[in-house]
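Student: One structure is given below, represented as structure tokens, and several questions about it will come after.
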Amino acid sequence: MSHPDVIIVGGGIGGLGAAFSLTRQGLDVRLLERAAEFGEVGAGIQLAPNCTRILEDYGLLDEAKNLGVVPEAMIMRDAVDGTELTRLDLRDLEKRYGYPYMVIHRSDLHGLLLRACRRGGVELITDAEVTSYENTPAGARVTLASGEVHEAGVVIAADGLHSVARALLVDDEPVSSAYVAYRGTVPAELPRARSVDLGEVVVHVGPRCHFVHYGLRGGELLNQVAVFESPRALAGQEDWGTPDELDTAFAATSDFVRDGLGFMWRDKWWRMFDRGPVMNWVHGRITLLGDSAHPPLQYIAQGAIMAIEDGWVLGEHVARNRAEDGTVDWTAALAAYEAVRPEHCRRVTTTSRAWGELWHLDGAAREQRNAILRARDTHDYSFTDWLYGPTALTPDEEPPMFEPIPLTSARAVVATAARDEALTAAGSGTK
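Heads up: the sequence shown begins at 0 in numbering that gives the first Met the number 0, then just goes up one per residue.
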């Protein structure tokens, strides 16, 4: 069997994105997928401007928009009383960052990337479960469960949360958040779907739970996600996240949220895990990408986006470290990739954990959070500029993080907002 320039392990969104990125650079890419066929499970996925910018660069954004929905607004509500807390005007957000915020079915995004890889000539191999990785004098090799060996100049491990390759770099295990997600879609013609604006992305945040909904497939479907903390998981029990826990977790939420639970798929659910950040992703000619390097909790909707960014950044550094004869200085390209991506992804994974805690507050802390969110200006982008801008290629391009607002400042925030409102009203009265 011939040796390609690159072997990618894992045929998910991250692996396909990296395969397409490197094929665009003229490299011979082989992708190994353990399943019998390519596919993606789940329902909706949100793509912020830092991702749609890359899709545009790939020539895939128009196809993605035709498959998905470009919503008008993102709204946060209190899951208990249903009141609006804050919102983003996504049309204004697109003007700020130059690219849209959109939502799409995971399988549609996966299919889009798969088709792009086929058009680009990526060698796609299924039924190929990789059990070990090893560096060689000329690059790296992987061994399959069948005993078959594949070699290349570099191996990219996009093998997910339970990555085999990660063990080469760090001795750790996935971390359970004790939260579990239920998903479901509703046809647009049903009353449940007609009761909402399918052009809005809405999250209802509640004590130890939250509920998300938005339109998919051009408004043909309503996508819903219900997430809650499992008491059984906290107690260390093995059977956790079951449908009875789902109903109990949302018992104190609004009628609208509770009514949505009946449309969830109750025969499957997704337990939520992440891993602690690691800053070393490269082991010789083997590197991590996507969830193998930085599996996040989903609260800021950047998991698949980070994986797509990883592939784009690696492709750009291949282009920068390529000789006239086409050979790639992989040592330099991988070093440049590792110099920028781990720190960005550390920020995202740690912020995702903190954002999840903020969503699920109860008691006085919930009231403080709500007061701060209600005082926020719709066009305040101080909490998104670090994330939605152009993907950094070097550490100096990484923008500064936002400044967190302490919950204890809620009283001062509310007082300032009231003062500004009073001054605005007084000024209007003099005209």
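By construction, the Cβ of each residue, glycine as well, lies at the ideal position given by its N, Cα and C atoms.
The structure displayed is predicted, hence computed values, not measured ones.
Under a Cβ-count criterion, where at least 16 other Cβ atoms within 10 Å of its own Cβ denotes burial, should GLY9 be classed as buried or exposed?
Tutor: One-based indexing of the sequence shown puts residue 9 at position 10. Classification for GLY9: buried.
Student: Only counting the same chain, and skipping five residues up and downstream in sequence, which positions put a Cβ closer than 6 Å to that of GLY11?
Tutor: The residue labelled residue 11 in the question sits at position 12 within the sequence shown. No residues qualify anywhere along the chain.
Student: Quickly, what does DSSP pair LEU73 with across the bridge? List them, please.
Tutor: Position 74 of the sequence shown holds residue 73. Correcting the residue type first, residue 73 is Met in the shown sequence and not Leu. The partner list for MET73 (beta bridge, DSSP) reads LEU87 and VAL200.
Student: Taking the beta carbon of PRO48 as the centre, do at least 16 other beta carbons fall within 10 Å, making it buried, or is it exposed?
Tutor: Taking the sequence shown and counting its residues from 1, one reaches residue 48 at position 49. Label assigned to PRO48: buried.
Student: Between the C-alpha atoms of GLU219 and TRP239, what's the straight-line distance to the nearest angstrom?
Tutor: In the sequence shown, residue 219 corresponds to position 220, counting from 1. In the sequence shown, residue 239 corresponds to position 240, counting from 1. Approximately 33 Å, taken between the alpha carbons.
Student: Check whether the segment 31–43 and the segment 363–376 are in contact - that is, three or more C-beta pairs closer than 8 Å.
Tutor: Short answer: they don't touch.
Student: Among ALA338, CYS50, LEU160 and ARG23, which one has its Cα closest to the Cα of GLU388?
Tutor: Position 389 of the sequence shown, counted from the start, is the residue given in the question as residue 388. The sequence as given places Gly at residue 388; Glu does not occur at that position. For the residues ALA338, CYS50, LEU160 and ARG23, the minimum Cα distance to GLY388 belongs to CYS50.
Student: Quick check on the burial criterion: 16 or more other C-beta atoms within 10 angstroms. Buried or exposed for LEU165?
Tutor: Along the sequence shown, one-based indexing puts residue 165 at 166. Checking the sequence, you will find Arg at residue 165 rather than Leu. That one is buried.
Student: Which whole-angstrom value describes the C-beta separation of GLN24 and GLY314, a residue pair presumed to lie in contact below a C-beta threshold of 8 Å?
Tutor: Position 25 of the sequence shown holds residue 24. Position 315 of the sequence shown holds residue 314. Correct: roughly 5 Å between the Cβ atoms.
Student: Considering only the beta carbon of each residue, do ILE155 and LEU288 sit closer than 7 Å?
Tutor: Numbered from its first residue, the sequence shown carries residue 155 at position 156. Numbered from its first residue, the sequence shown carries residue 288 at position 289. Contact flag set, yes.
Student: Quick check for students: name the residue ranges of the beta strand (DSSP E) that lie wholly in the segment 178–249, counting only runs of 3 or more.
Tutor: Here the runs fully enclosed are 199–205, 208–215 and 220–228.
Student: Would you say LEU89 and ALA72 are within 7 Å of each other, going by their C-beta atoms?
Tutor: By one-based count along the sequence shown, residue 89 stands at place 90. By one-based count along the sequence shown, residue 72 stands at place 73. It is a contact, given that the beta carbons lie within the stated cut-off.
Student: So, under 8 Å CB-CB, PRO70 and TYR181 are touching, yes? Tell me the CB distance rounded to an integer number of Å.
Tutor: In the sequence shown, the residue the question calls residue 70 occupies position 71. In the sequence shown, the residue the question calls residue 181 occupies position 182. That pair is no contact at about 22 Å.
Student: Using three-state DSSP, classify GLY43 as helix, strand or coil.
Tutor: Counting from one through the sequence shown, the residue named residue 43 turns up at place 44. Strand.
Student: In or out: GLN236 buried (at least 16 other Cβ within 10 Å) or exposed?
Tutor: Here residue 236 refers to the residue found at position 237 when the sequence shown is read from its first residue. Exposed, by the Cβ-count rule.
Student: From LEU87, GLU62, SER145 and ALA139, pick the residue whose C-alpha is nearest to that of ASP112; which is it?
Tutor: Indexing the sequence shown from 1 puts residue 112 at position 113. In the sequence as presented, Asp is not what sits at residue 112; that position holds Leu. It is GLU62 whose Cα lies nearest to the Cα of LEU112.
Student: Can you tell me which of the three DSSP states ALA63 falls into?
Tutor: On the sequence shown, position 64 is the one that residue 63 refers to. Reduced to three states, the DSSP call for ALA63 is helix.
Student: Which partner residues of HIS149 appear in the DSSP bridge assignment?
Tutor: Walking along the sequence shown from the start, residue 149 turns up at place 150. Answer by DSSP bridge pairing, in chain order: VAL141.
Student: Straight-line CA distance for ARG270 to GLY43?
Tutor: Taking the sequence shown and counting its residues from 1, one reaches residue 270 at position 271. Taking the sequence shown and counting its residues from 1, one reaches residue 43 at position 44. Distance between the alpha carbons of ARG270 and GLY43: 17 Å.
Student: With three or more C-beta pairs closer than 8 Å as the rule, is the segment 221–229 touching the segment 245–263?
Tutor: The segment 245–263 is in contact with the segment 221–229.
Student: Do you know how far the Cα of GLU188 is from the Cα of MET278?
Tutor: Taking the sequence shown and counting its residues from 1, one reaches residue 278 at position 279. Taking the sequence shown and counting its residues from 1, one reaches residue 188 at position 189. In a straight line, the C-alpha of MET278 is about 48 Å away from that of GLU188.
Student: Looking only at its own chain, which residues have a Cβ that is under 7 Å from the Cβ of ALA391, when we skip the five neighbours before and after it?
Tutor: Position 392 of the sequence shown, counted from the first residue, corresponds to residue 391. If we look at ALA391 and ignore the five residues flanking it on each side, its Cβ neighbours are VAL339, HIS343 and GLU397.
Student: Taking only three categories from DSSP, how would you classify TYR132?
Tutor: Here residue 132 is taken as the residue at index 133 of the sequence shown, counted from 1. In this structure, TYR132 counts as strand in the three-state DSSP scheme.
Student: How close, in whole Å, do the beta carbons of SER162 and SER291 come, if the pair is a contact with beta carbons under 8 Å?
Tutor: For this step, residue 162 is matched to residue 163 along the sequence shown. For this step, residue 291 is matched to residue 292 along the sequence shown. SER162 to SER291, Cβ: 3 Å. Contact.
Student: Excluding the 5 residues flanking LEU357 on each side, which residues of the same chain have their C-beta closer than 7 Å to its C-beta?
Tutor: The count along the sequence shown starts at 1 and reaches residue 357 at position 358. So the qualifying residues of the chain are ARG368.
Student: Give me the residue from HIS359, THR22, ALA364 and THR383 with the minimum Cα distance to ARG207.
Tutor: For the purposes of this step, residue 207 is taken as the residue at position 208 of the sequence shown. That would be HIS359, whose Cα lies nearest to the Cα of ARG207.
Student: Just checking my contact of LEU54 with VAL121 at CB under 8 Å: how many whole Å lie between their CB atoms?
Tutor: Translated into positions along the sequence shown, residue 54 becomes position 55. Translated into positions along the sequence shown, residue 121 becomes position 122. Contact doesn't hold; Cβ gap of about 17 Å is too wide.
Student: Under a Cβ-count criterion, where at least 16 other Cβ atoms within 10 Å of its own Cβ denotes burial, should TRP453 be classed as buried or exposed?
Tutor: In the structure as shown, the chain starts at 0 and stops at 430, and residue 453 therefore has no counterpart that could be examined.
Student: Using C-beta distances below 7 Å, list every residue in its chain close to PRO3, excluding the 5 sequence neighbours before and after it, in chain order.
Tutor: What you label residue 3 is simply residue 4 of the sequence shown in a count that begins at 1. For PRO3, where only same-chain residues beyond five positions count, the Cβ hits under 7 Å are ASP27, VAL28, ARG29, GLU122 and ALA151.
Student: List the endpoints of the continuous beta strand (DSSP E) containing LEU30.
Tutor: For the purposes of this step, residue 30 is taken as the residue at position 31 of the sequence shown. 28–31 is the extent of the beta strand (DSSP E) around LEU30.
Student: Could you give the residue range of the beta strand (DSSP E) that holds GLU122?
Tutor: Here residue 122 refers to the residue found at position 123 of the sequence shown. Residues 122–124.
Student: Decide if LEU21 is buried, meaning its Cβ has at least 16 other Cβ atoms within 10 Å, or exposed.
Tutor: Looking up residue 21 in the sequence shown gives position 22. It is buried - the Cβ of LEU21 has at least 16 other Cβ atoms within 10 Å.
Student: Over what stretch of residues does the beta strand (DSSP E) that includes VAL5 continue unbroken?
Tutor: Along the sequence shown, one-based indexing puts residue 5 at 6. VAL5 -> beta strand (DSSP E) spans 5–8.
Student: What does a CB cutoff of less than 6 Å around ASP126 pick up in its chain, not counting 5 residues either side in sequence?
Tutor: As a working note, residue 126 is residue 127 in the sequence shown. Result list for ASP126: ALA35, in chain order.
Student: So what does DSSP say about ILE285, is it helix, strand or coil?
Tutor: Along the sequence shown, read from residue 1 onward, the residue named residue 285 stands at position 286. ILE285 falls in the strand class under three-state DSSP.
Student: Applying the 10 Å Cβ sphere with the 16-neighbour rule, what's the burial state of ARG140?
Tutor: By 1-based counting over the sequence shown, the position of residue 140 is 141. Result: buried.
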